[in-house]
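The structure appears below as C-alpha cells.
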DNA sequence: CGTTTTTTTGACCCATCAGCAAAAAAAGGG
DNA sequence: CCCTTTTTTTGCTGATGGGTCAAAAAAACG
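Quick look at the structure:
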C-alpha cells in the first residue's frame, strides 16, 4: 500500500545537494569566522541564492550551527580518537600532531574553527560564541578525566595536576591554531610539537 | 624675539585630550577586535564625533595603529622586562604570570590584542593583520635569542631547541589569551601557568 | 573689531549587511 | 490537463558599515 519514498518527494526537486553545500559553507566559516562571513560569501561559495539558503538551513546562525556539527564530526574526529590512546603522552602526541594536520592540511592554512569563533565574536551573535565555548568545555572535561585516569594508571607522575595539564595541552593546541593563523609553516608547527613533547612529564 | 609656543596654537583649541581618547579607543579595540569595532563604538566611547576622530587620527586603520603603539608601550611592557630575567625559567615565569595579569586585570576579561587581531581579521584590512603579525615576529625573534643565550649559559639543557621552546612558550601565552576569551577565571589560568612551569625543562 | 585658523556640528553618500515577499518554474497527484 | 506542493528567481527592505562635506562656532592674532 505504501508508496516508496513518499517522504517529501513532492514539488520541485532541489537543485543542489544540501550536504555538499553545507561543506562549502563550513570552509567559508572556517576561513573567515562567523561574523567575518557574509551571506554573499556563503551564497557565492555554495552556488545558491539567498532565499534557497534560508529555505534549506534557516538563517545564518542556524547554518553555522549545522556547519559546526559537521566540523566536529569530521575535522575533530582525531581528538576523540586521541583520547583512546593508551598513555597520556600518546594522547598528547596524537592531539598535537592531529592538530597540525588539521590546520595545515590541503592547500590553505586555517586555524581551528572553535578558536577563531570564540575569539572573533562580537557582542552581537554572542549565542554563537557561547555554543562554541560550551562544546569546547565538554572536550576539556573529557581530557581532564583522561589525565586523571592516566595518573591512576601510573603513566603520569603523582605530583601533576590533571586539570592544569589539560589546560597546558589545550593552550598548546590553541597556540598551534593561532600561529597557523599568523602564517606559521608546517615545519614551524612541528617544531612546536616536538619541543612540547620533549618537556612532557614522564612517569 | 621668538614667541613662546608658536607651534600650532592658533585657532580653536581641541575640546578633548588626544591621548585620553586614544586610551578609550584602545579599550574598545581590545574588547571587540579591529573589525568588530565600528566607528559608532569608537565615537561613543571616546565622546567624540566622527569628523573630530577623522581630523585627529586619520581613519579607523590609522587610529588602530596608534592604539596598537599605546598597547605595546603600556600593556606589553612586562614582556620586555621579562626578557631581562636571569634564567630561561624566570623569563617564562615572568611572561606567563604577566600575561595572566594582563588578561584578567581590572574589571573585565580580555584576551591579548595581538592574538585577537591576528585571528579575527578578514581579508579586508589584511594590512592590519600583517602589521600585528610583524610586531609579534620581532618579539618571537628576541625570545628565541634569549633562549639561545640561556643554553650557552647552561640554564637550559643541551638538547633543547630554542626555537621550538620559544614556540611552546608563545603557544602557552596565546592559549592564556584564548582561554581568557572563553571565560576562564584567574584561578584557571594560574593553574595553567603552574602546570606549565612544572614541566619546564631544568638545566 | 575683524580676520584667520581650527574644531565642532549635523547631515549626507555609497556600499554592504541580514533577511524577506511575490511571482515564476518544475515536479507529482488527480 | 489542471491543481497542489515545493524550489528557484528577482528584486526589495531597513539597518548599519566606513567615510566626507559645508556651514556654524570658537578661540587667537593683528
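Protein chains in written order, with the working numbering: chain A, 1 to 203; chain B, 1001 to 1203. Backbone N, C-alpha and C define an ideal beta-carbon position, used for all residues, glycine too. None of the values given here were measured: they were computed from a predicted structure.
| Check | Outcome |
| --- | --- |
| Closer than 7 Å at the beta carbon, the chain A residues around residue 1181 of chain B | 118 and 119 |
| Through-space distance from residue 1147 of chain B to residue 1177 of chain B, alpha-carbon basis | 23 Å |
| Cβ neighbours of residue 1039 of chain B in the same chain (closer than 8 Å, five flanking residues each side left out) | 1050, 1053 and 1060 |
| Residue 34 of chain A beta carbon less than 7 Å from that of residue 117 of chain A | yes |
| Other residues of its chain near residue 22 of chain A: CB distance less than 7 Å, five sequence neighbours each side excluded | 66, 67 and 70 |
| Beta-carbon proximity of residue 1201 of chain B to residue 1160 of chain B, cut-off 7 Å | yes |
| Proximal chain B residues relative to residue 170 of chain A, where beta-carbon distance stays under 9 Å | 1175, 1178, 1179 and 1192 |
| Nonlocal neighbours in the same chain, by C-beta distance under 8 Å from residue 85 of chain A, ignoring five residues either side | 91, 93 and 94 |
| contact_flag[the stretch 1071–1082 of chain B, the stretch 1100–1117 of chain B] where n(CB pairs < 8 Å) is 3 or more | yes |
| Cβ-Cβ distance between residue 1174 of chain B and residue 175 of chain A below 7 Å | yes |
| Neighbour list for residue 1201 of chain B in chain A, Cβ cutoff strictly below 7 Å | 199 |
| Proximal residues of chain A, C-beta to C-beta of residue 1163 of chain B below 7 Å | 191 |
| Integer Cβ distance of residue 166 of chain A from residue 149 of chain A, believed to fall under 8 Å | About 12 Å separates the two Cβ atoms, so there is no contact after all. |
| Minimum Cβ-Cβ distance from residue 98 of chain A to chain B less than 7 Å | no |
| Listed by chain order, chain A residues near residue 1035 of chain B by CB distance under 7 Å | 36 |
| Separation of residue 1153 of chain B from residue 1212 of chain B, as counted between CA atoms | In this structure chain B extends from 1001 to 1203, so residue 1212 of chain B is not present and cannot be described. |
| CA-to-CA distance, residue 1133 of chain B to residue 1016 of chain B, given in whole angstroms | 32 Å |
| Interface flag, residue 1195 of chain B vs chain A, CB-CB below 7 Å | yes |
| Contact with chain B by residue 32 of chain A, beta-carbon distance below 7 Å | yes |
| Contacting residues, own chain, Cβ-Cβ under 7 Å from residue 1111 of chain B (five flanking each side not counted) | 1103, 1177, 1178, 1180 and 1181 |
| Residue nearest to residue 221 of chain A in terms of C-alpha spacing, selected from B/1028, B/1024 and B/1010 | Absent from the model: residue 221 of chain A. The displayed extent of chain A is 1 to 203, so no value can be given. |
| For residue 1168 of chain B, the nearest candidate out of A/164, A/162 and A/188 (CA to CA) | A/188 |
| For residue 30 of chain A, three-class secondary structure by DSSP | helix |
| Straight-line Cα distance separating residue 1012 of chain B from residue 1170 of chain B | 48 Å |
| Candidates B/1062, B/1019, B/1162 and B/1031, of which the one nearest residue 1047 of chain B by Cα | B/1019 |
| Residue 1114 of chain B to residue 1136 of chain B span [Cα, whole Å] | 8 Å |
| Buried/exposed call for residue 158 of chain A, threshold 16 Cβ in 10 Å | exposed |
| Local conformation of residue 55 of chain A per DSSP, three classes | helix |
| Three-state class that DSSP yields for residue 114 of chain A in the structure shown | helix |
| Contact set between the stretch 1111–1141 of chain B and chain A, restricted to residues whose Cβ is under 7 Å from the partner | 1111, 1115, 1116, 1118, 1119, 1120, 1122, 1133 and 1136 |
| Helix, strand or coil at residue 162 of chain A [DSSP, three-state] | helix |
| For residue 32 of chain A, the nearest candidate out of A/186, A/196 and A/120 (CA to CA) | A/120 |
| Residue 73 of chain A versus A/97, A/26 and A/195, residue with shortest Cα-Cα distance | A/26 |
| Environment of residue 1164 of chain B [buried if 16+ CB atoms lie within 10 Å] | buried |
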